[in-house]
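Asker:
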Amino acid sequence: MNIPLCLPSIGDSEIEEVTRVLRSNQLSLGPVLTRFEEQFASYIGTKYAVAASSGTAALHMGVRAMGLGQGNEVLTTSFSFVASANCLLFETVRPRFIDIDRDTLNLDTDLLRDFLSRKCRRNRRGELIDVEAGLIVKGILPVHVFGLPAEMDVITELAEEYDLWVLEDACEAIGAEYKGRRVGTFGDAAVFAFYPNKQMTTGEGGMIVTDDPDLAAQCRSLRNQGRDADGRWLKHTTLGYNYRLSELHCALGCAQLSRIDTLLDARNRVAREYMNLLGGRDFLRLPYSDSDSTRSWFVFVIQVAADSGAQCRDNIRIHLEKAGIASQAYFPAIHRQPYFAQAVPHLPGELPATEQASDSCIALPFFPALASSDIQRVVETVLDACDAQGLSARLISVH
Ligand SMILES: *Cc1c(COP(=O)(O)O)cnc(C)c1O
Numbered sequence: 022m023n024i025p026l027c028l029p030s031i032g033d034s035e036i037e038e039v040t041r042v043l044r045s046n047q048l049s050l051g052p053v054l055t056r057f058e059e060q061f062a063s064y065i066g067t068k069y070a071v072a073a074s075s076g077t078a079a080l081h082m083g084v085r086a087m088g089l090g091q092g093n094e095v096l097t098t099s100f101s102f103v104a105s106a107n108c109l110l111f112e113t114v115r116p117r118f119i120d121i122d123r124d125t126l127n128l129d130t131d132l133l134r135d136f137l138s139r140k141c142r143r144n145r146r147g148e149l150i151d152v153e154a155g156l157i158v159k160g161i162l163p164v165h166v167f168g169l170p171a172e173m174d175v176i177t178e179l180a181e182e183y184d185l186w187v188l189e190d191a192c193e194a195i196g197a198e199y200k201g202r203r204v205g206t207f208g209d210a211a212v213f214a215f216y217p218n219k220q221m222t223t224g225e226g227g228m229i230v231t232d233d234p235d236l237a238a239q240c241r242s243l244r245n246q247g248r249d250a251d252g253r254w255l256k257h258t259t260l261g262y263n264y265r266l267s268e269l270h271c272a273l274g275c276a277q278l279s280r281i282d283t284l285l286d287a288r289n290r291v292a293r294e295y296m297n298l299l300g301g302r303d304f305l306r307l308p309y310s311d312s313d314s315t316r317s318w319f320v321f322v323i324q325v326a327a328d329s330g331a332q333c334r335d336n337i338r339i340h341l342e343k344a345g346i347a348s349q350a351y352f353p354a355i356h357r358q359p360y361f362a363q364a365v366p367h368l369p370g371e372l373p374a375t376e377q378a379s380d381s382c383i384a385l386p387f388f389p390a391l392a393s394s395d396i397q398r399v400v401e402t403v404l405d406a407c408d409a410q411g412l413s414a415r416l417i418s419v420h
């Protein structure tokens with residue numbers, strides 16, 4: 022039996038809620054959208070939530086609503102899913118990649134602080150200029166990668182000091198907490214996503230949350246073809262999009278959100294079992310944890326020795342594949358993607374921690390219904406593969 026990388030958890034309540042919408046004849050912009058948004062905002066702890074057709078669409082709306090554009094730069098991470106940087110390129114904003122912390126895999130806040138204090142200067146108009154690039158630095162876009170909160174106290178403190186926007190990419194981190202507070206409540210706005218591999222799904226879908234009424238209103242308008250809040254159907258005030266989320270998707274979202282604690286608990290169980298079985302080995306690096314953060318488990322990613330590029334990792338993945346076990350090389354660094362190398366060129370070694378993580382990460386099968394016996398099989402196969410690579414004998418440090 023093959024073991025997949027991920028599987029959504031769809032129960033009777035999901036099927037009932039979606040069926041009810043189908044029987045209602047109201048398939049878009051109806052009461053279920055409102056209910057989903059209200060319940061989501063209340064779960065995260067923000068005043069407003071605006072649903073969108075994907076996480077990427079929600080990120081794009083955030084960038085637009087913050088008024089970012091040509092000549093601007095946003096500080097972010099290259100160790101992420103491409104959408105977190107694409108949303109900037111959509112608006113010709115330049116992502117300025119800051120390297121990651123080798124332990125957390127999130128933005129290295131020492132480097133972030135360093136960049137702001139040493140590489141930026143205010144011009145006569147009071148704008149913060151990245152001197153080398155000649156661009157105006159407008160914001161920070163931290164990603165809570167693999168569900169682990171970025172260091173939000175430092176990030177919000179720097180944002181305040183330098184007067185920058187913060188747009189949290191919380192697409193992988195629903196329910197995660199930093200110092201006792203849910204992610205999504207730290208930035209000026211935050212985005213969540215509901216693709217089927219996420220902790221909760223709507224099939225396709227996303228959400229932007231904020232406490233700022235103007236930002237929320239702008240997003241509602243951008244989502245709906247630039248229409249005014251007065252809802253007149255053929256009056257378009259600004260250039261907008263069709264980023265709406267249908268009632269069917271929202272019904273699925275309501276059902277999933279009402280079970281979110283159970284869904285997250287089930288993921289915690291799988292993570293715990295992996296940790297117990299894989300722990301205590303020098304040649305594997307397991308997901309980071311500390312007392313500041315409660316991770317929302319999105320994927321289970323281990324790192325293997327990477328001092329010789331990605332070869333070792335790739336061989337282990339081939340070994341897993343032959344045993345019928347799916348895996349993924351999460352994440353290939355964004356700045357190494359072919360089109361990015363053109364848009365925002367980097368030299369090899371410019372982001373060393375990001376590149377090392379990209380060469381050494383393996384995402385293992387991870388979903389709520391993953392059986393203990395399957396977890397055991399995955400672990401045994403991983404350890405066999407490491408043996409075959411001579412890892413356990415050589416005890417290569419991944420530091
Ligand atoms: C999933 C994800 C997104 C959004 O993805 P969509 O497929 O557009 O919903 C954005 N950023 C990160 C880091 C993600 O993991």
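Read left to right, the sequence shown gives residues 22 to 420 (the working numbering). Every residue gets a Cβ at the ideal spot worked out from N, C-alpha and C, and that includes glycine.
What does the alpha-carbon distance come out to for the pair isoleucine 65 and asparagine 297?
Answerer: Taking the sequence shown and counting its residues from 1, the one referred to as residue 65 is at position 44. Taking the sequence shown and counting its residues from 1, the one referred to as residue 297 is at position 276. When rounded, the distance between both Cα atoms is 30 Å.
Asker: Which of the three DSSP states is assigned to methionine 22 in this structure?
Answerer: Along the sequence shown, one-based indexing puts residue 22 at 1. Looking at methionine 22 - three-state DSSP - the assignment turns out to be coil, as it is neither helix nor strand.
Asker: Just the C-alpha distance for alanine 211 and cysteine 275, rounded to the nearest angstrom, thanks.
Answerer: Counting from 1 along the sequence shown, the entry for residue 211 is found at position 190. Counting from 1 along the sequence shown, the entry for residue 275 is found at position 254. Distance between the alpha carbons of alanine 211 and cysteine 275: 19 Å.
Asker: Spell out the partners DSSP gives proline 71 in its beta bridges.
Answerer: As a working note, residue 71 is residue 50 in the sequence shown. It is worth fixing the name first, because residue 71 is valine in this sequence and not proline. Ile229, per the DSSP bridge assignment.
Asker: At the level of alpha carbons, what is the spacing between proline 163 and glutamate 342?
Answerer: For the purposes of this step, residue 163 is taken as the residue at position 142 of the sequence shown. For the purposes of this step, residue 342 is taken as the residue at position 321 of the sequence shown. Taking the straight line from one Cα to the other gives about 33 Å.
Asker: For arginine 334, which three-state DSSP category applies?
Answerer: By one-based count along the sequence shown, residue 334 stands at place 313. The answer is helix: DSSP assigns arginine 334 an H, G or I state.
Asker: Which residues mark the beginning and the end of the alpha helix (DSSP H) in which valine 399 is found?
Answerer: If you number the sequence shown from 1, residue 399 lands on position 378. Valine 399 -> alpha helix (DSSP H) spans 393-409.
Asker: Please name the residue, chosen from Arg265, Gln324, Ser101, that lies closest to leucine 48 on a Cα-to-Cα basis.
Answerer: Within the sequence shown, numbered from 1, the residue matching residue 48 stands at position 27. If we check each option's Cα against that of leucine 48, Arg265 comes out closest.
Asker: Quick check on phenylalanine 361: does DSSP put it in helix, strand or coil?
Answerer: The residue labelled residue 361 in the question sits at position 340 within the sequence shown. Note: phenylalanine 361 maps to helix in three-state DSSP.
Asker: Please report the straight-line C-alpha distance between lysine 200 and arginine 253, rounded to a whole angstrom.
Answerer: In the sequence shown, residue 200 corresponds to position 179, counting from 1. In the sequence shown, residue 253 corresponds to position 232, counting from 1. Roughly 44 Å separates the two Cα atoms.
Asker: Going by DSSP, name the residue or residues bridged to glycine 160.
Answerer: In the sequence shown, the residue the question calls residue 160 occupies position 139. Val95, Trp186, per the DSSP bridge assignment.
Asker: Which residue wins for smallest C-alpha separation from cysteine 141, given the options Gly155, Asp129, Glu178?
Answerer: In the sequence shown, residue 141 corresponds to position 120, counting from 1. Ranking the options by Cα distance to cysteine 141, first place goes to Gly155.
Asker: Identify whether glutamine 239 lies in helix, strand or coil by the three-state DSSP scheme.
Answerer: Within the sequence shown, numbered from 1, the residue matching residue 239 stands at position 218. Note: glutamine 239 maps to helix in three-state DSSP.
Asker: Quick check: is any heavy atom of ligand 1 less than 6 Å from the C-beta of glycine 227?
Answerer: What you label residue 227 is simply residue 206 of the sequence shown in a count that begins at 1. Yes, the Cβ of glycine 227 comes within 6 Å of a heavy atom of ligand 1.
Asker: Is glycine 205 near ligand 1 - that is, is its Cβ less than 6 Å away from at least one heavy atom of it?
Answerer: Position 184 of the sequence shown, counting from 1, holds the residue named residue 205. Glycine 205: no, Cβ never under 6 Å from ligand 1.
Asker: Per DSSP, phenylalanine 213 forms a beta bridge with which residues?
Answerer: Taking the first residue of the sequence shown as position 1, residue 213 is located at position 192. Note: phenylalanine 213 sits in a beta bridge opposite Met228.
Asker: Between valine 158 and leucine 96, how many whole angstroms is the CB-CB distance? I'm expecting something under 8 Å.
Answerer: Translated into the one-based positions of the sequence shown, residue 158 becomes position 137. Translated into the one-based positions of the sequence shown, residue 96 becomes position 75. Correct: roughly 7 Å between the Cβ atoms.
Asker: Three-state secondary structure (DSSP) at serine 34?
Answerer: If you number the sequence shown from 1, residue 34 lands on position 13. Looking at serine 34 - three-state DSSP - the assignment turns out to be helix.
Asker: Please work out which residues of its chain come closer than 7 Å, Cβ to Cβ, to histidine 257, disregarding the five sequence neighbours upstream and downstream, and give them in chain order.
Answerer: As a first step, residue 257 is located in the sequence shown; it is residue number 236 there, counting from the start. Once the five neighbours on either side are set aside, the close Cβ partners of histidine 257 are Gln246, Gly247, Arg248.
Asker: Less than 7 Å between C-beta atoms, sequence neighbours within five positions excluded: which residues of the same chain meet that for glycine 51?
Answerer: Counted from its first residue, the sequence shown places residue 51 at position 30. Here the set comprises Glu268.
Asker: Apply the 10 Å Cβ neighbour rule to serine 394 and answer buried if 16 or more other Cβ atoms are within range, or exposed otherwise.
Answerer: Your numbering for residue 394 matches position 373 in the sequence shown. Exposed, because fewer than 16 other Cβ atoms sit within 10 Å of the Cβ of serine 394.
Asker: Answer yes or no: do alanine 272 and valine 71 have a C-beta to C-beta separation smaller than 7 Å?
Answerer: What you label residue 272 is simply residue 251 of the sequence shown in a count that begins at 1. What you label residue 71 is simply residue 50 of the sequence shown in a count that begins at 1. No, these two residues do not count as a Cβ contact at 7 Å.
Asker: Near leucine 185, which residues of its chain fall below 6 Å by C-beta distance, leaving aside the five closest residues on each side in sequence?
Answerer: Position 164 of the sequence shown, counted from the start, is the residue given in the question as residue 185. Excluding residues within five positions, the ones whose Cβ falls inside 6 Å are Gly160, Ile161.
Asker: Are the beta-carbon atoms of glycine 196 and leucine 137 separated by less than 7 Å?
Answerer: Within the sequence shown, the letter at position 175 stands for residue 196. Within the sequence shown, the letter at position 116 stands for residue 137. Against a cut-off of 7 Å, the Cβ pair of leucine 137 and glycine 196 comes out as no contact.
Asker: Out of Cys240, Leu278, Asp251, Ser279, which one is the CA nearest neighbour of leucine 260?
Answerer: Locating residue 260 in the sequence shown gives position 239, counting from the first residue. The option with the nearest alpha carbon to leucine 260 is Cys240.
Asker: Between alanine 384 and valine 291, how many whole angstroms is the CB-CB distance? I'm expecting something under 8 Å.
Answerer: Here residue 384 refers to the residue found at position 363 when the sequence shown is read from its first residue. Here residue 291 refers to the residue found at position 270 when the sequence shown is read from its first residue. About 13 Å; that fails the 8 Å criterion.
Asker: Can you tell which of Asp122, Gly83, Asn93, Gln91 has its C-alpha closest to the C-alpha of alanine 104?
Answerer: Taking the sequence shown and counting its residues from 1, the one referred to as residue 104 is at position 83. Among Asp122, Gly83, Asn93, Gln91, the Cα nearest to that of alanine 104 belongs to Gly83.
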